[in-house]
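Asker: Numbering (our numbering), first residue to last: 24 to 697.
We treat Cβ as the ideally placed atom computed from N, Cα and C, and that holds for glycine.
These numbers were taken from a predicted model, which means no experiment stands behind them.
Questions regarding the structure given below will be posed in turn.
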């Protein structure tokens, strides 16, 4: 449909009642002559609407054609009926047909959502999809849709009455035609305009109350009110807050410091979550390359340090390599005066953030990340659990230098505007103080396990728990539910892949993939994944053995690198660990493969309270024999661990991960008591 015919169509459709009144009443044009004009007009509209349209998408063509096609059809029907019956009433019923059609279209979407108003909203603002406000916007649009349905019912009813006004109200033909024209060509449009105006005003009021998402790379100075609370110290009721204005001030001060340096790459280690956020944001604004590390031992820093690299931290007692690599204390830099409160733009695709996957020993492995993938990951979590986050304050036991801690402890709460605690929870007993508010708890399985050991029942108020970074056994999850009052939601992922799937083990051991993730089983039996969080379009091959169910969910079967050969016998150390846990005498266990003259397995075991009671006063040889005999029910003697260490606590990093190198070192450095 060319531009001229489109404009003509909208004009004719809008003033149709006035035109009918003018031709029939004022110009006294014969009904059949007028009907021929309507038929000709309808035919031209129909041909124009169904003709080929170039340089437009199919979706847009369909959306734009449907209105003129319907109108052309109604015009044609009215003209033909009027011509054959010589009755002008069919010309007047056009307005009724429009109201009935719109009622059917709008009303049908109330029973087959999403409703049509919400669909229009999504076309106009694509940011609504998967936002924390999506459900609220859809609920509001449903109410608006109902209002329009009521209007179409009322408008159609009045249109029918005015069409038959001469008989219903005993009016003259001219008076009835005037009444029909005044209402359908004037009053009905005024009423629609009033609905549009009132709805626009209400929408603006409702919009102010909708939750807003401002990711780290997309905020501006006016994104939030200056007194909006971003961070708190201790517990919420202590009233020690950091606001949006504090954030703008401190990032500006940090930028002033960074702009004085020619250094392009910075190592960032900061235990204080507030200083971490401020420094991380300023580094991005200054287009610096960031290296995040929880490990700040001299050996580790020596491995990752490069010429021209500098170091930002809130820790004052750190190794000093040389004059070019002196740790800069963040607290001192944000105490300086700032140059401005502006917010330099951050291009999320151009950000460079390195995260390290190794532990305290071994060669560090740097994984390059971008804020683009981080914020896509956050968007999915927000789309699924935004309501749970928005009604709570956030605390975490996880280091923000790792991907899980960064995504859930820094990036996501900042984007949603969820106040987060300035320091992470270090000891399980700290949970006892958190009875003043509803809290979102970001934890690791290891920390939940530690809490279960020292707490019986916590006085928490409607908490929600996310956990990741390790295996959470159903037993620990169930005990967590008894203590916290919530069965943890687990997130499965890695530094290389970000989030992959989630589950609550009370509903089964199967993992549900993220909606935007494509998974399959590789030839080696391991999980393969393609998702927006993985930069390589070919996806990523994990080392996790997997069984994929018919419904798309999957079960993890251990790691492929946990398969070792002991005297030509293939055995999974994960399976051995799981069997040891089945004794119900063990709180934690790590099995590793060692090699002297031959290869064999060794087990580091942490007994639980029941295990300690059972073996109290027993010689280690008796304890070893117990576990050996138990495992003989499932394995050949040759693959059963030959060395055992019974520890008060198995070494683990801040994420709760047990690193194989550290366990092996235990057996190398400690003398055997067997």
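Taking the alpha helix (DSSP H) that residue 502 falls in, what are its first and last residues?
Answerer: What you label residue 502 is simply residue 479 of the chain shown in a count that begins at 1. For residue 502, the enclosing alpha helix (DSSP H) begins and ends at 497-507.
Asker: Give me the Cβ distance between residue 390 and residue 519, rounded to the nearest whole Å; I'm assuming they're in contact under 8 Å.
Answerer: On the chain shown, position 367 is the one that residue 390 refers to. On the chain shown, position 496 is the one that residue 519 refers to. That pair is a contact at about 6 Å.
Asker: Quick test of the definition: if touching needs 3 or more C-beta pairs under 8 Å, does the stretch 619-634 touch the stretch 510-529?
Answerer: no
Asker: Under a three-way DSSP split, which group does residue 551 fall into?
Answerer: What you label residue 551 is simply residue 528 of the chain shown in a count that begins at 1. Three-state result, residue 551: strand.
Asker: Assuming residue 495 contacts residue 471 under a Cβ cut-off of 8 Å, what Cβ separation, rounded to an integer in Å, is found between them?
Answerer: On the chain shown, position 472 is the one that residue 495 refers to. On the chain shown, position 448 is the one that residue 471 refers to. That belief holds up - the Cβ atoms of residue 495 and residue 471 are roughly 7 Å apart, short of 8 Å.
Asker: Is residue 668 buried or exposed, if buried means 16 or more other CB atoms sit within 10 Å of its CB?
Answerer: Position 645 of the chain shown, counted from the first residue, corresponds to residue 668. Buried, since its Cβ has 16 or more Cβ neighbours within 10 Å.
Asker: Look at residue 293 and residue 333 and say whether their C-beta atoms are less than 7 Å apart.
Answerer: Mapped onto the chain shown, residue 293 falls at position 270. Mapped onto the chain shown, residue 333 falls at position 310. The answer is no: Cβ separation not under 7 Å.
Asker: Measuring only the C-alpha atoms, how far is residue 278 from residue 621?
Answerer: Indexing the chain shown from 1 puts residue 278 at position 255. Indexing the chain shown from 1 puts residue 621 at position 598. Approximately 58 Å between the Cα atoms of the pair.
Asker: Reducing DSSP to helix, strand and coil, say where residue 222 ends up.
Answerer: Position 199 of the chain shown, counted from the first residue, corresponds to residue 222. In this structure, residue 222 counts as helix in the three-state DSSP scheme.
Asker: How is the alpha helix (DSSP H) around residue 18 delimited, first residue to last?
Answerer: Summary: the structure shown does not reach residue 18, with the chain confined to residues 24 through 697, and so no result is reported for it.
Asker: State the Cα-Cα distance for the pair residue 429 and residue 423, rounded to the nearest angstrom.
Answerer: As a first step, residue 429 is located in the chain shown; it is residue number 406 there, counting from the start. As a first step, residue 423 is located in the chain shown; it is residue number 400 there, counting from the start. Those two C-alpha atoms are separated by around 4 Å.
Asker: Could you tell me which whole beta strand (DSSP E) segments of length 3 or greater appear in the stretch 598-663?
Answerer: 609-618 and 622-630
Asker: In three-state terms, what does DSSP make of residue 684?
Answerer: If you number the chain shown from 1, residue 684 lands on position 661. DSSP places residue 684 in helix when its eight states are reduced to three.
Asker: Would you mind working out which of 360, 517 and 372 sits nearest residue 307, comparing C-alpha positions?
Answerer: Taking the first residue of the chain shown as 1, we reach residue 307 at position 284. Answer by Cα proximity: 372.
Asker: Going by other Cβ atoms of all chains shown within 10 Å of its Cβ, with 16 needed for buried, is residue 574 buried or exposed?
Answerer: Start at 1 with the first residue of the chain shown, and residue 574 comes out as number 551. Classification for residue 574: exposed.
Asker: Sorted by chain position, which residues of the same chain lie with C-beta nearer than 8 Å to residue 125's C-beta, five sequence neighbours on each side aside?
Answerer: Translated into positions along the chain shown, residue 125 becomes position 102. For residue 125, where only same-chain residues beyond five positions count, the Cβ hits under 8 Å are 171 and 175.
Asker: State the Cα-Cα distance for the pair residue 137 and residue 256, rounded to the nearest angstrom.
Answerer: Here residue 137 corresponds to residue number 114 of the chain shown, with the count starting at 1. Here residue 256 corresponds to residue number 233 of the chain shown, with the count starting at 1. Approximately 42 Å, taken between the alpha carbons.
Asker: For residue 478, which of 455, 463, 433 and 244 has the nearest alpha-carbon?
Answerer: Translated into the one-based positions of the chain shown, residue 478 becomes position 455. The residue among 455, 463, 433 and 244 with its C-alpha nearest the C-alpha of residue 478 is 455.
Asker: Between residue 24 and residue 200, what straight-line distance do the alpha-carbon atoms span, to the nearest angstrom?
Answerer: For the purposes of this step, residue 24 is taken as the residue at position 1 of the chain shown. For the purposes of this step, residue 200 is taken as the residue at position 177 of the chain shown. Unreliable placement is indicated for residue 24, whose pLDDT of 49 sits below 50; the coordinate value is still reported in the next sentence. If I take the Cα positions, the gap works out to 33 Å.
Asker: Taking the C-alpha atoms as reference points, what is the distance between residue 401 and residue 671?
Answerer: Your numbering for residue 401 matches position 378 in the chain shown. Your numbering for residue 671 matches position 648 in the chain shown. Roughly 38 Å between the two C-alpha positions.
Asker: Judging by CA-CA distance, which residue of 105, 49 and 611 is the nearest neighbour of residue 62?
Answerer: As a first step, residue 62 must be located in the chain shown, where it is residue number 39. Cα-wise, what sits closest to residue 62 is 105.
Asker: What residue range is occupied by the uninterrupted beta strand (DSSP E) comprising residue 517?
Answerer: In the chain shown, residue 517 corresponds to position 494, counting from 1. Per DSSP, residue 517 belongs to the beta strand (DSSP E) from 512-517.
Asker: Report the partner residues of residue 525 according to the DSSP bridge assignment.
Answerer: As a working mapping, residue 525 is identified with position 502 in the chain shown. Bridge partners of residue 525: 514 and 535.
Asker: Might you give, ordered along the chain, the residues of its own chain that have their beta carbon closer than 7 Å to the beta carbon of residue 305, omitting 5 neighbours on each side?
Answerer: Mapped onto the chain shown, residue 305 falls at position 282. So the list reads 274, 277, 278 and 281, once near-sequence residues are dropped.
Asker: How long is the line joining the alpha carbons of residue 233 and residue 150, rounded to whole angstroms?
Answerer: The residue given as residue 233 occupies position 210 in the chain shown. The residue given as residue 150 occupies position 127 in the chain shown. Cα to Cα, the separation comes out at about 13 Å.
Asker: Using 8 Å as the threshold, is the stretch 246-264 in touch with the stretch 444-453, meaning 3 or more CB pairs across them?
Answerer: yes
Asker: Decide yes or no for the touch test of the stretch 411-426 against the stretch 461-471: beta carbon pairs closer than 8 Å, at least 3 of them.
Answerer: yes
Asker: Alpha carbons only, please: which of 460, 626, 435 and 483 is nearest the one belonging to residue 662?
Answerer: On the chain shown, residue 662 is found 639 positions in, with the first residue counted as 1. Of 460, 626, 435 and 483, the residue nearest in Cα terms is 626.
Asker: Residues in the same chain with beta-carbon distance under 7 Å from residue 451, minus the five sequence neighbours each way, listed in chain order, please.
Answerer: As a first step, residue 451 is located in the chain shown; it is residue number 428 there, counting from the start. So the qualifying residues of the chain are 473, 474, 477 and 478.
Asker: Mind checking who residue 582 pairs with in its DSSP beta bridge?
Answerer: Here residue 582 is taken as the residue at index 559 of the chain shown, counted from 1. 567.
Asker: Does DSSP classify residue 41 as helix, strand or coil?
Answerer: Mapped onto the chain shown, residue 41 falls at position 18. Helix.
Asker: Can you tell me where the beta strand (DSSP E) holding residue 203 begins and where it ends?
Answerer: Position 180 of the chain shown, counted from the start, is the residue given in the question as residue 203. From DSSP, residue 203 is part of no beta strand (DSSP E) but of the alpha helix (DSSP H) over 196-205.
Asker: I think residue 335 touches residue 319, with their Cβ atoms under 8 Å apart; what is that distance to the nearest whole Å?
Answerer: Stepping through the chain shown from its first residue, residue 335 is reached at position 312. Stepping through the chain shown from its first residue, residue 319 is reached at position 296. Actually they do not touch by this definition, with Cβ atoms about 11 Å apart.
Asker: Just to confirm the assignment: which complete beta strand (DSSP E) runs, minimum length 3, are found wholly within the stretch 289-344?
Answerer: 312-315 and 332-336
Asker: Between the Cα of residue 211 and the Cα atoms of 289, 180, 648 and 640, which residue gives the shortest distance?
Answerer: Residue 211 sits at position 188 when you count from the first residue of the chain shown. Restricting attention to 289, 180, 648 and 640, the CA atom closest to the CA of residue 211 is found in 180.
Asker: What first and last residue would you give for the alpha helix (DSSP H) that runs through residue 429?
Answerer: In the chain shown, the residue the question calls residue 429 occupies position 406. Residue 429 -> alpha helix (DSSP H) spans 426-429.
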